[in-house]
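Numbering (the numbering used here), first residue to last: 58 to 811.
Rendered as C-alpha cells:
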C-alpha cells in the first residue's frame, strides 16, 4: 500500500478510478490501521497485568486515553482497570498489615495513591496501619509491664489501645488476664495466704476476744486493727488442734458477729458484721456482662432473686447487664450467668409430604331429551293468558335441540404431589410451611348513605405444615405436628360475592423421636365413588336393549396423604459441668460468701461454746474483779461491787417486719431497789420506742428478793437480710445503801432474715 501511495497523483487517480475494488480495499486497510492504534494499548496493558505489573498496566491505558480523549471505550477500559488495581492493592495491603508487615503494606497503598491521588481507601489504610503499629507497640509494652508485676501501668497502656480500637482482641484478652490477677492480688496477698495456712492449736475458755487475736498475732505475725465498735469484753471458748489460722479466724469472726478486711500482706481489719459497718468497710465492685444467648430480662430477674443485688442495670439494645455489689456476690453472679448464657438447641426437620391421587370418570350412553312442550304457534309473540277455540288449531309441539346426544367419555387421571422442605428451627419455637396459593374472596357490603363497600380477603389453599420441636438432653426430639391439606373444589358466586368450596384434611399429633429416626404418618385417605344413571322411563328398564335408552355417568376419586418426618439435631444444649451445677451461695445474710468450714482435724479436737439463748452475759467467773477480798464468813453477795454484768437475751434470728422482745436481767442484784440501762441498736435496721438508736429500759425486781429485770420491744425494719447487734451502752443499779452501781457494757448478735 505504501508503494501505491508513492506513485504520482495522476497514476493513483487513474488506478482508483479504473478499479473500484482496489479503492474499497485500500479504504478498509486505512481504517484497520487507525483502529490498531487504539486496540494496541489495551492489549499491552493486559500483558502487563498478567505479568503482575499493575501500576505499569494502568499507566499505559491512562497515557493512551490522554492521547485520544474522545475514545470512550479506551477511557472505560482505563477506569475499569484502575478500579481493579486499587481493589487488589488494598486487599494485599490488608493482608500485609494483619501479618505485621507494616512497611510493605504502606508501599502498596502508596502505589494506589499514585494511581489515584484522591482514593480514600489508600489514605485511610495508611492511617489505620499507623494506628495498628502504635497499638502493637503499646501491647508489647503492656505485656512486659504485666510480666514485671506492674499491673497498673499495664492496664493504662491497654486502656489506651482500647480507646483507639475497642474491639482489639489481643488487648481485650490481656486485659481480662490482668483483671484476674488484680482480683487474686486484692483477695489475699501471697504472703498473707502463707501466714493464714500456719497450723495452730488453741485451748481457751471464756477468754476475751482480743486475747484470742493476740494469740493469733503472736503465732503467725499478723497485725489486727479493731473497729471502735468491737467489744473487747466478748468472751470466746474454743478448743482446737492443728487447724489453720484461716479456719480459726473465720470461725471466731462468724460466731461473734464480726467480719474482716485485708489491708495489706500482714494486716487485717476486724469490724462488726452489720449493715452499717458493711457499707463503711466492704468494697463494692462493678461487673458488666455481655450476653450472647440469654435474654436480658430473664438474666436480670435471675440475678435479683438469687443474689439480692439491688443495683443492676440492663440494656436490651446491647444485650448487656451491669451490676454493683460485693466481690462475693459478683462472683456468684458470674457463675450464674455462665450457666444460663448457653446457645439454644437447634434441629433440622426433614419433612416429605406426598399426596397420591387417582381419579376415573366415565360417561357412556344415549342422552334423550328430558321434556316435551306444546304451545301456541310462532305467530303469537306473547302467549295469551286464555285460549279461544280458534286458537286450538294453531298449537305447536316442540322438542329441545339436539334431540339425541350420544355420550362416549372416559377419563383416567393419576397425580402425585410431593413437597420436601427442610426446616431448621430452635428449641420450643414454631415453624410454619405453606405450599399452595391464596384464593381471593370478594365481599360486598351495603353501607347506608355511602353505597357499596367491597373488600377482599384471602384463603390459604394447599399444604400447610406447623411444627414445634422440643429437644431433650438424651438426643431425642419431641415434635408437635399440625398438617393441613386443602384443595379448591370450585367457586360459587352469589349476589356479587365470590366464595370457594374448599376441601380440608387435617392431622394433629405429638411424637418423640431419636435423632435421625424417620416417622411415617399415613392414612389420610379420601375415597369417593359416585354413579349416576339417566334412563327413559319404561324403555330404560328393558333387559339388554335398555342400555340403548340410558346414560351412565360414574366418577371415582381416591387420594392419600403420607407424611415422613426425620429430626436431625444440629446443636443440643451444652450443660455446665457438675461443679457448676452446685454453686456455693454463701448465707442468707452474706450472699456469695465462702462456706464456713475448717480443715480435717483429729476426732474430738474442736469445741466451740456459746451461752444458751444467745446471751451476752458473762458467768460469775467473768465478772469484773471485786474491789476487795471478802472477809472470812462473808458471802460474795455482801461484798462491794464495782459493776454488774447484765444478761441480755434476744431471739437469735427474726424476720423482716417482726416485733420481738429483748429481755435484760441483772444476776446478783438481789435486794437492789431498781435500775435502768440504755440499750443501743442500729436505727436503720431496727426500730424501738425512744430516740433513734437508743432505748431506756427500766429494771425492777422480779420478786421481793429477786434480781432486777426488764423488757424492751423492738421491730425489724431492714430492707434485706443483715447481721446486727443489740448493745448495752450503760446503766446503773440503785442499792439499798443509796449507792449507784454501774452496769457493764455487753452485746448480743441478732440475725434479721427475710
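We treat Cβ as the ideally placed atom computed from N, Cα and C, and that holds for glycine.
* Asked: Across which residues does DSSP place residue 817 in a beta bridge pair?
  -> In the structure displayed, the chain extends from 58 to 811; residue 817 sits before or after that span and is not available.
* **Where residue 284 falls: helix, strand or coil (DSSP)** => Translated into positions along the chain shown, residue 284 becomes position 227. Three-state DSSP puts residue 284 in coil, outside helix and strand.
* Can you have a look at residue 238 and say buried or exposed, based on whether 16 or more other CB atoms are within 10 angstroms of its CB? => As a position in the chain shown, residue 238 is number 181, starting the count at 1. Per the 10 Å Cβ criterion, exposed.
* Asked: Looking only at its own chain, which residues have a Cβ that is under 6 Å from the Cβ of residue 636, when we skip the five neighbours before and after it?
  -> Within the chain shown, residue 636 is the residue found at index 579, counting from 1. The pLDDT assigned to residue 636 is 49, lower than 50, so where the model puts this residue is not dependable; a value taken from the coordinates is nonetheless given after this. So no residue of the chain qualifies.
* Asked: Is residue 315 closer than 8 Å to residue 287 when the C-beta atoms are compared?
  -> Here residue 287 refers to the residue found at position 230 when the chain shown is read from its first residue. Here residue 315 refers to the residue found at position 258 when the chain shown is read from its first residue. The answer is yes: Cβ separation under 8 Å.
* **residue 148 burial status per 10 Å Cβ neighbour count (16 or more: buried)** => Locating residue 148 in the chain shown gives position 91, counting from the first residue. Label assigned to residue 148: exposed.
* Just the Cα atoms here: how many angstroms apart are residue 161 and residue 348? -> Against the chain shown, residue 161 aligns to sequence position 104. Against the chain shown, residue 348 aligns to sequence position 291. Approximately 40 Å between the Cα atoms of the pair.
* Identify whether residue 710 lies in helix, strand or coil by the three-state DSSP scheme. => Indexing the chain shown from 1 puts residue 710 at position 653. Looking at residue 710 - three-state DSSP - the assignment turns out to be strand.
* Asked: First and last residue of the beta strand (DSSP E) that includes residue 411?
  -> Walking along the chain shown from the start, residue 411 turns up at place 354. 403 to 424 is the span of the beta strand (DSSP E), which, as asked, contains residue 411.
* To do: Write down every uninterrupted run of the alpha helix (DSSP H) in the stretch 329 to 397 whose length is 4 residues or greater and which is fully enclosed by it, in chain order.
  => 332 to 338, 353 to 364, 384 to 397
* State buried or exposed for residue 329, treating a residue as buried only when at least 16 other CB atoms are found within 10 Å of its CB. => The sequence position of residue 329 within the chain shown is 272, counting from 1. Buried.
* Asked: If you follow the alpha helix (DSSP H) that residue 744 is part of, which residue opens it and which one closes it?
  -> The residue labelled residue 744 in the question sits at position 687 within the chain shown. Not the alpha helix (DSSP H): residue 744 falls in the beta strand (DSSP E), residues 743 to 745.
* the stretch 485 to 497 / the stretch 518 to 528 touching (three or more Cβ pairs under 8 Å) -> yes
* Asked: With a CB to CB cut of under 7 Å and the five nearest residues on each side skipped, what residues in its chain are close to residue 105?
  -> As a working note, residue 105 is residue 48 in the chain shown. For residue 105, where only same-chain residues beyond five positions count, the Cβ hits under 7 Å are 113, 114, 117.
* Beta-bridge pairing of residue 592 - partner residues as DSSP gives them -> Here residue 592 is taken as the residue at index 535 of the chain shown, counted from 1. DSSP, once it has assigned bridges, lists 607 as partnering residue 592.
* DSSP state of residue 268 mapped onto helix, strand, coil -> If you number the chain shown from 1, residue 268 lands on position 211. Three-state result, residue 268: helix.
* Can you name the start and end residues of the alpha helix (DSSP H) that residue 120 belongs to? -> The sequence position of residue 120 within the chain shown is 63, counting from 1. Its alpha helix (DSSP H) spans residues 111 to 124.
* If you draw a straight line from the alpha carbon of residue 585 to that of residue 614, how long is it in whole angstroms? -> Taking the chain shown and counting its residues from 1, the one referred to as residue 585 is at position 528. Taking the chain shown and counting its residues from 1, the one referred to as residue 614 is at position 557. Between residue 585 and residue 614, the C-alpha separation is close to 5 Å.
* Reduced DSSP secondary structure (H/G/I, E/B, other) of residue 557 -> Numbered from 1 along the chain shown, position 500 holds the residue referred to as residue 557. Residue 557 falls in the strand class under three-state DSSP.
* What residues are listed by DSSP as bridge partners for residue 533? -> Numbered from 1 along the chain shown, position 476 holds the residue referred to as residue 533. Paired residue(s): 571.
* Asked: Taking all protein chains shown into account, do 16 or more other C-beta atoms lie within 10 angstroms of the C-beta of residue 477, making it buried, or fewer, making it exposed?
  -> Within the chain shown, the letter at position 420 stands for residue 477. So residue 477 counts as exposed.
* **4-residue-minimum alpha helix (DSSP H) runs that sit fully inside the stretch 147 to 235, ordered along the chain** => 159 to 172, 177 to 204, 208 to 221
* Asked: Across which residues does DSSP place residue 724 in a beta bridge pair?
  -> In the chain shown, counting from the first residue as 1, residue 724 sits at position 667. Paired residue(s): none; residue 724 is not in a bridge.
* Residues in its own chain within less than 8 Å of residue 587 by CB, not counting five upstream and five downstream? -> Start at 1 with the first residue of the chain shown, and residue 587 comes out as number 530. Counting only Cβ-Cβ distances below 8 Å, and skipping sequence neighbours, we find 611, 612, 613.
* Could you please give me the residues that DSSP links to residue 737 through a beta bridge? => Here residue 737 refers to the residue found at position 680 of the chain shown. According to DSSP, residue 737 bridges with 751, 784.
* Per-residue burial, residue 689 [other beta carbons within 10 Å of its own, 16 or more giving buried] -> The sequence position of residue 689 within the chain shown is 632, counting from 1. Any reading at residue 689 needs caution, since the residue's pLDDT is 34, under 50, leaving its predicted position unreliable; the model's value is listed next. Result: exposed.
* Asked: What is the rounded straight-line gap between the Cα of residue 204 and the Cα of residue 800?
  -> Within the chain shown, numbered from 1, the residue matching residue 204 stands at position 147. Within the chain shown, numbered from 1, the residue matching residue 800 stands at position 743. Cα to Cα, residue 204 sits roughly 59 Å from residue 800.
* To do: Have a look at residue 364 and residue 387 and give me their C-alpha separation to the nearest angstrom.
  => In the chain shown, residue 364 corresponds to position 307, counting from 1. In the chain shown, residue 387 corresponds to position 330, counting from 1. Near 8 Å, if we compare the C-alpha coordinates of residue 387 and residue 364.
* With DSSP run on the structure shown, which of helix, strand or coil describes residue 137? -> Numbered from its first residue, the chain shown carries residue 137 at position 80. Helix at residue 137.
* Decide if residue 313 is buried, meaning its Cβ has at least 16 other Cβ atoms within 10 Å, or exposed. => Your numbering for residue 313 matches position 256 in the chain shown. Buried.
* Who does residue 808 pair with in a DSSP beta bridge? -> Translated into the one-based positions of the chain shown, residue 808 becomes position 751. DSSP, once it has assigned bridges, lists 710, 780 as partnering residue 808.
* Asked: For residue 279, which three-state DSSP category applies?
  -> As a first step, residue 279 is located in the chain shown; it is residue number 222 there, counting from the start. It is coil, neither helix nor strand.
* Asked: Taking the alpha carbon of residue 704 as the point to measure from, which residue in 712, 788, 778, 771 has its own alpha carbon closest?
  -> To locate residue 704, count along the chain shown from 1; it is residue 647. If we check each option's Cα against that of residue 704, 788 comes out closest.
* Under 7 Å Cβ to Cβ from residue 558, same chain only, skipping five residues before and after it: list those, please. => Here residue 558 refers to the residue found at position 501 of the chain shown. Closer than 7 Å at the Cβ level, and outside the excluded window around residue 558, lie 546, 547, 549.
* Asked: Which same chain residues, not among the five before or five after residue 121, have their C-beta less than 7 Å away from its C-beta?
  -> Here residue 121 corresponds to residue number 64 of the chain shown, with the count starting at 1. Excluding sequence neighbours, residue 121 sits near 98, 131.
* Residue(s) in a DSSP beta bridge with residue 509 -> As a working note, residue 509 is residue 452 in the chain shown. Residue 509 pairs with 503.
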